[in-house]
Amino acid sequence: MPERMDRGKRRQLLKEDQAFIGRPFAMDKGSVRAVQANTRHLALMLLDTKLKHRASRAASFAAGILDATLAKKTEGAVACSKGCYYCCKTYVSVTIPEIFRFADALRGKAEKTARVIKAAADSAGIPQLERETRRVVCPILEDKACSEYAPRPLVCRAVLSKSLEACLRIFEDNSGEMVPFADNTTDIRGYVVIMMQAALRLSGLPHVHYEMNQALALALEDPDAEERWLAGDDLFAKVPVDGHDLARSALSSMTDMLVDNIHPTL
Ligand code: SF4
31 MPERMDRGKR
41 RQLLKEDQAF
51 IGRPFAMDKG
61 SVRAVQANTR
71 HLALMLLDTK
81 LKHRASRAAS
91 FAAGILDATL
101 AKKTEGAVAC
111 SKGCYYCCKT
121 YVSVTIPEIF
131 RFADALRGKA
141 EKTARVIKAA
151 ADSAGIPQLE
161 RETRRVVCPI
171 LEDKACSEYA
181 PRPLVCRAVL
191 SKSLEACLRI
201 FEDNSGEMVP
211 FADNTTDIRG
221 YVVIMMQAAL
231 RLSGLPHVHY
241 EMNQALALAL
251 EDPDAEERWL
261 AGDDLFAKVP
271 VDGHDLARSA
281 LSSMTDMLVD
291 NIHPTL
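Its first residue numbered 31, the sequence shown is counted upward by one per residue in the working numbering.
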């Protein structure tokens, strides 16, 4: 690892970062600087031990920048609308900060919590690839809509399809097709996933994704789960890690490069 950047240069860099933090990022060469600035911001947030709920805050920040960029940079028509819920019965992959943010919104909601616990039991043991055909309806779905729209996971925010007909074939008939994602949305989500994973790595926290129902049920067991996890308690050791995180991919190589770039600047 290169040496830490000197204090004056770091201060200057943080000043320049302000132009990018929390703003929608470009989908061209300019995105690199924005991704660096927002990753540094997330990592510094996660490293700030004075912030009690810093993991949930990081998830909220990541959701904000994802929403802002999707709103500005998604191209072409999107078929999704309220009442269209067909994708809400598949494997949902989340980072732990997203889980804590979601769990906070669910505390005290007994019926929903009971549904999460049941869905976690129903999800356990089903191999990830089989979830496409053995569907477990999301416990958060109510009246054909997401009942916790604000804290929903990053992946739920970014699944924007071009075609209702294709989604019906995929999620109702198990046709095995790929969702025809609206233009730019896969890349936008990819950038935000990289930012979150790099920031978690830079702050020494677990950075893998987990199946939502099982991780959420565990987080709901203890109101102090976030504090314990931030202190190093591996609360999610029994939940299977998303298989995509176990394989090398273009995203993991980009995350490595981002970590190497940001580390000397913290
Ligand atoms: S969290 Fe909300 S958007 Fe995501 S799968 Fe569940 S109901 Fe659907």
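Just so you know, even glycine gets a beta-carbon here, dropped at the ideal spot from N, CA and C.
Local conformation of residue i per DSSP, three classes
{"i": "residue 197", "result": "helix"}
{"i": "residue 130", "result": "helix"}
{"i": "residue 255", "result": "helix"}
{"i": "residue 271", "result": "strand"}
{"i": "residue 77", "result": "helix"}
{"i": "residue 189", "result": "coil"}
{"i": "residue 301", "result": "Limits of the chain in this structure are 31 at one end and 296 at the other, which puts residue 301 out of reach."}
{"i": "residue 241", "result": "strand"}
{"i": "residue 290", "result": "helix"}
{"i": "residue 152", "result": "helix"}
{"i": "residue 144", "result": "helix"}
{"i": "residue 65", "result": "helix"}
{"i": "residue 213", "result": "strand"}
{"i": "residue 86", "result": "helix"}
{"i": "residue 98", "result": "helix"}
{"i": "residue 10", "result": "Because the chain here runs from 31 to 296, residue 10 falls outside it and cannot be looked at."}
{"i": "residue 107", "result": "coil"}
{"i": "residue 175", "result": "strand"}
Cα-Cα separation between residue i and residue j, rounded to whole angstroms
{"i": "residue 88", "j": "residue 205", "result": "36 Å"}
{"i": "residue 220", "j": "residue 76", "result": "20 Å"}
{"i": "residue 130", "j": "residue 178", "result": "13 Å"}
{"i": "residue 70", "j": "residue 203", "result": "43 Å"}
{"i": "residue 115", "j": "residue 43", "result": "43 Å"}
{"i": "residue 283", "j": "residue 227", "result": "12 Å"}
{"i": "residue 103", "j": "residue 250", "result": "35 Å"}
{"i": "residue 111", "j": "residue 174", "result": "11 Å"}
{"i": "residue 120", "j": "residue 167", "result": "7 Å"}
{"i": "residue 231", "j": "residue 37", "result": "22 Å"}
{"i": "residue 201", "j": "residue 162", "result": "8 Å"}
{"i": "residue 63", "j": "residue 293", "result": "15 Å"}
{"i": "residue 252", "j": "residue 137", "result": "10 Å"}
{"i": "residue 98", "j": "residue 81", "result": "24 Å"}
{"i": "residue 134", "j": "residue 234", "result": "23 Å"}
{"i": "residue 33", "j": "residue 40", "result": "12 Å"}
{"i": "residue 123", "j": "residue 239", "result": "6 Å"}
{"i": "residue 237", "j": "residue 125", "result": "7 Å"}
{"i": "residue 68", "j": "residue 295", "result": "13 Å"}
{"i": "residue 288", "j": "residue 60", "result": "15 Å"}
{"i": "residue 192", "j": "residue 106", "result": "8 Å"}
{"i": "residue 160", "j": "residue 280", "result": "24 Å"}
{"i": "residue 139", "j": "residue 241", "result": "21 Å"}
{"i": "residue 90", "j": "residue 185", "result": "13 Å"}
{"i": "residue 74", "j": "residue 100", "result": "24 Å"}
{"i": "residue 113", "j": "residue 264", "result": "37 Å"}
Distance CB(residue i)-CB(residue j) smaller than 8 Å
{"i": "residue 117", "j": "residue 197", "result": "yes"}
{"i": "residue 108", "j": "residue 171", "result": "no"}
{"i": "residue 92", "j": "residue 72", "result": "yes"}
{"i": "residue 245", "j": "residue 269", "result": "yes"}
{"i": "residue 224", "j": "residue 285", "result": "yes"}
{"i": "residue 84", "j": "residue 260", "result": "yes"}
{"i": "residue 66", "j": "residue 243", "result": "no"}
{"i": "residue 96", "j": "residue 188", "result": "yes"}
{"i": "residue 169", "j": "residue 145", "result": "yes"}
Test: residue i CB closer than 8 Å to a CB of chain B
{"i": "residue 79", "result": "Here there is only one protein chain, and chain B is not present."}
Cβ pair count under 8 Å reaching 3, the region 267-276 against the region 50-60: No, because fewer than three Cβ pairs between the region 267-276 and the region 50-60 fall closer than 8 Å, the two stretches do not touch.
Residue list, Cβ distance to the ligand SF4 heavy atoms smaller than 5 Å: 118, 168, 170, 171, 176, 182, 186
At least 3 beta-carbon pairs within less than 8 Å: the region 207-221 vs the region 148-155: no
Segment contact flag, the region 115-134 with the region 254-270, C-beta cutoff 8 Å, min 3 pairs: Yes, since at least three Cβ pairs between the region 115-134 and the region 254-270 fall closer than 8 Å, the two stretches touch.
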